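J.:
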Amino acid sequence: MAIEEDPEGHELRALDTVVSFASRRVLEIGCGDGRLTLRYADKAASVIAIDPDAEAVAALAAERLPNVEVRQVGAEGVDLPPHSVDIVLFAWSL
Amino acid sequence: MVDALRRALGMLTLDGIVVDVHPTAAASAIEVEAEITGYVEACDAPLRHAAAGAALAAVVGQGLFAIDQAVEFTFYTYGDTIEELRNYVQENWNDARLDDATVSRTRDALRRSRGARPRSRERVVVTTLRRGRA
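Structure follows, in structure tokens:
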């Protein structure tokens, strides 16, 4: 079975109590291999998931989620138009 | 960190929100079921977590954001063995390690609790912030 993170789903439940991803445009900063992204992306309108770790973002990109755009870049390098996302999610990255 | 929050503000819609997820400064425990067998030695973790909290406080203090909600939860990471969990923590967490005494106590606890898996327990806080008045 190997390493298993948050199989109880506590993280997503906590997020669900404070934010709705439904039909939202999300920028996720520090997506890593998409552990969290994979849990909410199906609800969002679109997700731009960024992380500087090449290996990690390749793993997420390999999932080929239709509404997720993966970029290998850090928080300082992301360049999106003003007022273009509804949620900026710092995923264990602040 | 404050710069990253400032940049987020520019990309957000006027009614958009920032969601921050980060561990608290509380020590991460190693457990077998409900029994604590030790703690992760993480040299800089409390400082990094405190810095994240300070960054949030700074942007709130500057009026850029206002805290909307905050909730804490427990995040468990399980391994099949304590050796596997130790390797994972040491390879994936910054400057973190499990000492031999913790590993030994965990092995003993696993022998007493057949079928149980060792786990780390972190306390994590989710904070949402909305655009402030500044």
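Protein chains in written order, with our numbering: chain P, 9 to 102; chain A, 755 to 888.
Note that the Cβ used here is the ideal one computed from N, Cα and C, for glycine as well.
Predicted model only: the values in this text are computed from it and were never measured.
For chain P, is any of its Cβ atoms less than 7 Å away from the one on residue 827 of chain A?
T.: Taking Cβ atoms only, chain P reaches closer than 7 Å to residue 827 of chain A, which makes this a yes.
J.: Is it the case that the stretch 855-874 of chain A contacts the stretch 60-68 of chain P, given that we only count it when at least three CB pairs across the two stretches are under 8 Å?
T.: No, because fewer than three Cβ pairs between the stretch 60-68 of chain P and the stretch 855-874 of chain A fall closer than 8 Å, the two stretches do not touch.
J.: Label residue 19 of chain P either buried or exposed according to how many other C-beta atoms from any shown protein chain fall within 10 Å of its C-beta, with 16 as the threshold for buried.
T.: The residue in question, residue 19 of chain P, is buried, as its Cβ has 16 or more Cβ neighbours within 10 Å.
J.: List the residues of chain A that residue 103 of chain P touches, going by C-beta distances under 7 Å, in chain order.
T.: This structure cannot settle anything about residue 103 of chain P, because the visible part of chain P is limited to 9 through 102.
J.: For residue 879 of chain A versus residue 824 of chain A, is the C-beta spacing smaller than 7 Å?
T.: For residue 879 of chain A and residue 824 of chain A, yes; Cβs fall inside 7 Å.
J.: Closer than 6 Å by C-beta to residue 817 of chain A: which residues in its own chain qualify, once you throw out the five before and the five after it? Chain order, please.
T.: Answer for residue 817 of chain A: 886, 887, 888, listed in chain order.
J.: Would residue 770 of chain A pass as an interface residue toward chain P - the criterion being a Cβ-Cβ separation below 7 Å?
T.: By this cut-off, residue 770 of chain A is an interface position.
J.: Under 8 Å, with one C-beta from each stretch per pair, do the stretch 844-857 of chain A and the stretch 73-86 of chain P reach the 3-pair mark?
T.: In short, these stretches do not touch, since the Cβ pair count stays below three.
J.: Assess contact between the stretch 40-48 of chain P and the stretch 760-773 of chain A, defined as three or more Cβ pairs (one per stretch) separated by less than 8 Å. Is contact present?
T.: The stretch 40-48 of chain P vs the stretch 760-773 of chain A: no contact.
J.: Check the DSSP bridge columns for residue 819 of chain A and list the partner residues they point to.
T.: DSSP output for residue 819 of chain A lists A:885 as bridge partner(s).
J.: Assess, as a yes-or-no matter, whether the stretch 34-42 of chain P is touched by the stretch 75-93 of chain P under the definition of 3 or more beta carbon pairs within less than 8 Å.
T.: Segments in contact, yes.
J.: Using DSSP bridges, identify the partner residues of residue 873 of chain A.
T.: A:785, A:832.
J.: Which residues, taken in chain order from the stretch 81-98 of chain P, show a beta carbon closer than 8 Å to some beta carbon of chain A?
T.: Those residues of the stretch 81-98 of chain P that come within reach of chain A (Cβ to Cβ, closer than 8 Å) are 83, 84, 86, 88, 89, 90, 91, 92, 93, 94, 95, 96, 97, 98.
J.: Looking at residue 791 of chain A and residue 859 of chain A, is the spacing between their C-beta atoms short of 7 Å?
T.: Contact: yes.
J.: Identify whether residue 777 of chain A lies in helix, strand or coil by the three-state DSSP scheme.
T.: DSSP places residue 777 of chain A in strand when its eight states are reduced to three.
J.: Identify, in the order they occur along the chain, each residue of the same chain with its Cβ nearer than 8 Å to the Cβ of residue 798 of chain A, setting aside the five sequence neighbours on each side.
T.: Cβ within range, chain order: 848, 849.
J.: Are residue 11 of chain P and residue 807 of chain A touching if we call contact CB-CB under 7 Å?
T.: In this structure, residue 807 of chain A does not lie closer than 7 Å to residue 11 of chain P by Cβ.
J.: 7 Å is my cut-off, CB to CB: does residue 55 of chain P come that close to chain A?
T.: No, its Cβ sits nowhere closer than 7 Å to a Cβ of chain A.
J.: Is the Cβ of residue 23 of chain P closer than 7 Å to any Cβ of chain A?
T.: Yes, its Cβ sits closer than 7 Å to a Cβ of chain A.
J.: Quick one: using the 10 Å Cβ neighbour count with 16 as the cut-off for buried, is residue 782 of chain A buried or exposed?
T.: Flag for residue 782 of chain A reads buried.
J.: Return the CA-CA distance between residue 768 of chain A and residue 882 of chain A, expressed in angstroms with no decimal places.
T.: So the alpha carbons of these two residues sit roughly 15 Å apart.
J.: Check the Cβ of residue 764 of chain A against every Cβ in chain P and list those closer than 7 Å, keeping chain order.
T.: Within 7 Å Cβ-Cβ: 90.
J.: Whole angstroms is fine: what's the gap from residue 800 of chain A's alpha carbon to residue 91 of chain P's?
T.: Taking the straight line joining both Cα atoms gives about 34 Å.
J.: Residue 786 of chain A: which of A:876, A:877, A:884, A:861 sits nearest, CA to CA?
T.: It is A:861 whose Cα lies nearest to the Cα of residue 786 of chain A.
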